[in-house]
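Residue numbers (numbering that gives the first Met the number 0): 0 to 337. C-beta: ideal position from N, C-alpha, C; glycine also. A short worksheet on the structure shown next.
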Amino acid sequence: MITKKKVLLTGGAGYIGAHTAVEFVQQGYDVVLIDDFSKSDDTLLAGIEKIIGSKPVFFKGDCKDRQFLDKLFSEHKFDSVIHFAAYKSVNESVGNPLMYYENNLGSMVALLDTMKKHVVNEIIFSSSCTVYGQPDSIPVDETAPFKRAESPYGATKQMNERILEDEVIANKNLKAISLRYFNPVGAHPSALIGEMPIGVPGNLVPFVTQTAAGLRQKLTVFGSDYNTTDGSCVRDYIHVVDVAQAHVAALEKINDMPGRNEIFNLGTGEGVSVLELVKKFMEVTGVKLNYELGPRRPGDIEKVYADPSKAKRLLGWQTKLKLEDALRDAWRWQQKLG
Ligand SMILES: NC(=O)c1ccc[n+]([C@@H]2O[C@H](COP(=O)([O-])OP(=O)(O)OC[C@H]3O[C@@H](n4cnc5c(N)ncnc54)[C@H](O)[C@@H]3O)[C@@H](O)[C@H]2O)c1
């Protein structure tokens, strides 16, 4: 029997970390999760336990805390790290940039330093399509230049990619993959784990499901005069289970990559407008959604969707699930949450 790698997932109690933990465990990997619960609690850990049939190995701690990391890495011989731990709210980052720079950069630096010390040489990083800003042409591929980041959050993703680029040059043993997620949505089909926004959701789908559940009065579609088919913004919505599975594909191929630092888009390749998504939600769930058209929201990009062909070519990964699946799963998860 081939022994699979031992993998550390930072931010493992969060939305994408939890779904990824399930996929790795189901593929036979030995998985350890850490999280400081700054943006989560143990709800998704309980959900993971129900799906995989055993308690996930979990330690509470801050990814910036070198003592915590050092002890953890001394006690566990990791082969690889998947780095999710970060703050992710664009709005919050505009109001509190230092908090974002400290956490999102500090955790990466402490982690890479600890990995070097303990000779752990494989890292997969959660990046974002936000690094592109409004690209000059779409679908956007990985060679598109960075635009000035629209927010401190976006800047931390660009800087983290730069940190990896530099560290791979300095540390000849390190191999890195950055996955630029487009818009992860949906929940696990079991409805045992899903997205748990704190306060008013900044992302569209949780706002939609909360409105449908009666927790919010009305959904406002920000902008109806963009240069798109129906005037609302266009995004590339990708099922979170597809995102999770891409991490497994990336780790399986990390040693076959042409470079020691590779970047991949994770998207469907299809642009969907906000209004199309809203209509599809009503169609799939049969729930009527109270929504209105509002003004544009500052900082929003008009239109962006991925060219995901590099991931298909080099990772053998492509999306399997549809937006309909994601909306149905998100709604089932919301109904469970109440
Ligand atoms: N969800 C998206 O739409 C999206 C899109 C692009 C990129 N990303 C990136 O993917 C990653 C995961 O996102 P998510 O949606 O699962 O977010 P999330 O907030 O649900 O999960 C992140 C987890 O990291 C934890 N965390 C934050 N700082 C930490 C620290 N210093 N030490 C330990 N734990 C810490 C939080 O408590 C949380 O549980 C993030 O890096 C995010 O920026 C997310």
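Assuming residue i contacts residue j under a Cβ cut-off of 8 Å, what Cβ separation, rounded to an integer in Å, is found between them?
i	j	result
GLU141	PHE263	7 Å
MET98	ASN159	Contact doesn't hold; Cβ gap of about 16 Å is too wide.
ALA245	ALA310	7 Å
SER127	LEU250	Not quite, the Cβ-Cβ distance comes to about 19 Å (not below 8 Å), so this is no contact.
LEU314	LYS252	5 Å
Hey, would you say residue i sits closer than 8 Å to residue j, going by beta carbons?
i	j	result
ILE15	PHE77	no
VAL184	GLN26	no
LEU288	PHE280	yes
ASN120	LEU173	yes
GLY266	TYR304	yes
GLN133	PHE145	no
LYS335	ALA211	no
THR113	ARG161	no
VAL21	ILE51	yes
VAL207	HIS18	no
TYR236	LEU292	no
ALA12	LEU32	yes
Measuring alpha carbon to alpha carbon, tell me which residue in the options is nearest residue i.
i	options	result
ASN90	ALA186, PRO151, ARG234, ALA190	PRO151
GLU269	ARG296, SER231, ILE137	ILE137
THR228	GLY201, SER272, PHE206, GLU194	SER272
ILE197	ASP324, SER37, GLY285, THR2	SER37
GLY337	GLU48, LEU214, PHE206, SER53	LEU214
SER125	LYS87, ALA329, GLN209	LYS87
VAL30	GLY298, LEU43, LYS54, PRO200	LYS54
ASP69	GLN209, PRO96, LYS116	LYS116
Sorry if obvious, but does the Cβ on residue i come closer than 7 Å to a heavy atom of ligand 1?
i	result
ASN264	no
LYS70	no
ILE47	no
ASN172	no
ASP227	Residue identity check: residue 227 is Thr in the sequence provided, not Asp. No, ligand 1 has no heavy atom inside 7 Å of this Cβ.
ILE33	yes
LYS63	yes
ASN182	yes
PHE77	no
TYR99	no
SER177	no
GLY132	no
THR9	yes
ILE15	yes
ASN102	yes
ALA20	no
Confirm the yes/no value for this check: CB of residue i, any heavy atom of ligand 3, distance under 7 Å.
i	result
ILE162	Looking at this structure, you won't find ligand 3 anywhere; what it does contain is ligand 1.
If you pair each beta-carbon of the stretch 211 to 225 with each one of the stretch 109 to 118, do three or more pairs fall below 8 Å? Three or more Cβ pairs closer than 8 Å define a contact, and the stretch 211 to 225 falls short of that threshold against the stretch 109 to 118.
Counting pairs of beta carbons, one from the stretch 167 to 181 and one from the stretch 253 to 263, are three or more of them closer than 8 Å? yes
Answer yes if the stretch 119 to 133 comes into contact with the stretch 55 to 62, meaning at least three C-beta pairs across the two stretches below 8 Å, and no otherwise. no
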